[in-house]
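Colleague: First the structure, then my questions, so here it is.
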Amino acid sequence: MSTASRVFVGRLAELAVFDPLGDPVGRVRDVVLTFSATRSRPRVIGLVVEVPGRRRVFVPMTRVTSVDGGQVITTGLVNMRRFEQRSNETLVLAELVERQVRARMEDGQVIDATIEDVGIERERTREWSVSRVYVRKGPHRRTALGRRRGEMVLVPIEDVTGLHEVGDAQEQSAAKLLETYQDLKPADLAEVIHDLSPKRRAEVAAALDDDKLADVLEELPEDEQVEILVGLENARAADVLEAMEPDDAADLLNELPPEQAEALLQIMEPDDAADLRRLLTYDENTAGGLMTTEPVILGPEASIAEALAVVRRQELSTTLATTVFVCRPPLETPTGKFLGMVHIQRLLREPPHASIGGILDKGVEPLSPSAPLDQVTRMLATYDLIAIPVVDDAGLLVGAVTVDDVLDHLLPDDWREDRREVTHG
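So the mapping is simple: the working numbering equals the position in the sequence shown, first residue as 1, plus 2.
Right, dumping it as structure tokens:
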């Protein structure tokens, strides 16, 4: 098979990657460049390839033997360590596409332009470099129908300036990255953001809406959660904390200096702040420290149809949707008297018009907020539960512990940063 010596990154992205035997390795997601004051052309050092399990790994260009026929062929040995962007590296799709630059035309005129694609080629030394840039004349803008405007021009890399400069285009490139990964679940998007430099993480965080950023923060290591949160203005940081699950928000506040945590609590809505203040009084390795204050709570007169409608809500996590906690009013924690709980499987087996008060599971003894972690885990395992109620001395429901929160505490602190060395081939 012949090897293409020139290719545009836009065409290269999404191509399947195979080993020499034809077995699939993954799919190209981006191209990694480095800039040097001693080289006129940026050097292409490798590909970001997504392998099974949504893991993104780095494949050096020295491992690429062929780029042709709608596929990429590598040597048989690919390091499966997750890609981490270094400070001197630039991602083409995530950082350069839609960047504003200055381009010299054939007539010598220098114009403002927007990068649409980047052409790379293999040199005689067998190294790859950026050779051409496909730009659209004029600043980045779209019509009302979403189409970009302006004439397209192919420009030699030597005639483009501003390619490696930080400017207003950074916000656009962050939006472009999010557009590329818009179909990812929060945990997978967190993987992508984790691999970025701190500066790029801050830019991407700024481009996310509050709810999505809250979901992503819950999936990041604690040090990166803190890094992102302290980089936000206090008003927005408070909004993001309100959008997080209360137990995760409380854990994050615990990582902040006390004065900074208090400043954010002062800005938050009083009800949300009250929930977090209550959680912050418990030791993190107790039921109170593990619990969420926002489980599904209904009164005993609610119908099964109503309960099923509540647990079907898209914003509800899978673990919280498995159990309805039944209490006397008020129906927000701390509730009125806790009566029992109903599991989703039981809801599916009963007639829709019946009330949930008639099918309560009262066989599980609620936990107290001071119950230690080992007692919580034994209760969940003994009764095959996904969630378990936490009740105070007065018999009022104050929250619920879910199995995913327990796993977070049982796993090593760095489980989200797994760096095991694996090879393919």
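All C-beta atoms in this analysis are idealised placements derived from N, C-alpha and C, irrespective of residue type, glycine included.
Residues bridged to Thr36 by DSSP?
Modeller: Its beta-bridge partners are Arg45 and Glu91.
Colleague: Would you check if the distance between the CB atom of Phe60 and the CB atom of Gly48 is smaller than 7 Å?
Modeller: The answer is yes: Cβ separation under 7 Å.
Colleague: Should Gly342 go down as buried or exposed, given a rule of 16 or more other Cβ atoms within 10 Å for buried?
Modeller: Burial call: buried.
Colleague: Say the cut is 6 Å; is the CB of Glu221 nearer than that to a heavy atom of the ligand FAD?
Modeller: Of the ligands one can find in the structure shown there are none, so the ligand FAD has no counterpart to examine.
Colleague: Cutting at 7 Å between CB atoms, please list the residues of its own chain near Thr248, excluding the five before and the five after it.
Modeller: Before going further, note that residue 248 is Pro rather than Thr in the sequence given. Around Pro248: Asp277, Leu278, Leu281, Thr294, Thr295 and Glu296.
Colleague: For Ala15 and Val9, what's the separation of their Cα atoms in angstroms?
Modeller: C-alpha separation (whole angstroms): 10 Å.
Colleague: Tell me which residue opens and which closes the alpha helix (DSSP H) that Gly12 is part of.
Modeller: First-last of the alpha helix (DSSP H) with Gly12: Val11 to Leu14.
Colleague: Among Val137, His196 and Val69, whose alpha-carbon lies nearest the alpha-carbon of Arg88?
Modeller: With distances taken between Cα atoms, Arg88 lies closest to His196.
Colleague: Could you tell me the alpha carbon to alpha carbon distance between Tyr284 and Val69, rounded to whole angstroms?
Modeller: C-alpha separation (whole angstroms): 57 Å.
Colleague: Indicate the three-state DSSP secondary structure (helix, strand or coil) for Thr67 in the structure shown.
Modeller: Strand at Thr67.
Colleague: Between the alpha carbons of Thr324 and Ile390, how many angstroms are there, rounded?
Modeller: Cα-Cα distance, rounded: 11 Å.
Colleague: Straight-line CA distance for Leu243 to Gln347?
Modeller: Going from the Cα of Leu243 to the Cα of Gln347 covers about 32 Å.
Colleague: Under 8 Å, with one C-beta from each stretch per pair, do the stretch 358 to 376 and the stretch 394 to 401 reach the 3-pair mark?
Modeller: Segments in contact, yes.
Colleague: Within 10 angstroms of its Cβ, does Val112 collect 16 or more other Cβ (buried), or is it exposed?
Modeller: By the neighbour-count rule (16 or more Cβ atoms within 10 Å), Val112 is not buried but exposed.
Colleague: Three-state secondary structure (DSSP) at Ala356?
Modeller: Coil.
Colleague: Can you grab the Cα-Cα spacing for the pair Glu367 / Gln377, in whole Å?
Modeller: Rounded to whole angstroms, Glu367 to Gln377 spans 12 Å at the Cα level.
Colleague: Go through its chain and collect everything with a Cβ distance to Glu271's Cβ below 8 Å, but skip five positions before and after it.
Modeller: The answer, listed in chain order, is Glu244.
Colleague: Could you round the C-beta distance between Val218 and Leu231 to whole angstroms and report it? I think they count as a contact, below 8 Å.
Modeller: That belief does not hold up - the Cβ atoms of Val218 and Leu231 are roughly 12 Å apart, past 8 Å.
Colleague: Sort out for me which residues DSSP pairs Ser131 with in a bridge.
Modeller: Note: Ser131 sits in a beta bridge opposite Arg45 and Glu123.
Colleague: Any idea what DSSP makes of Asn287, helix, strand or coil?
Modeller: If DSSP states are grouped into helix, strand and coil, Asn287 belongs with coil.
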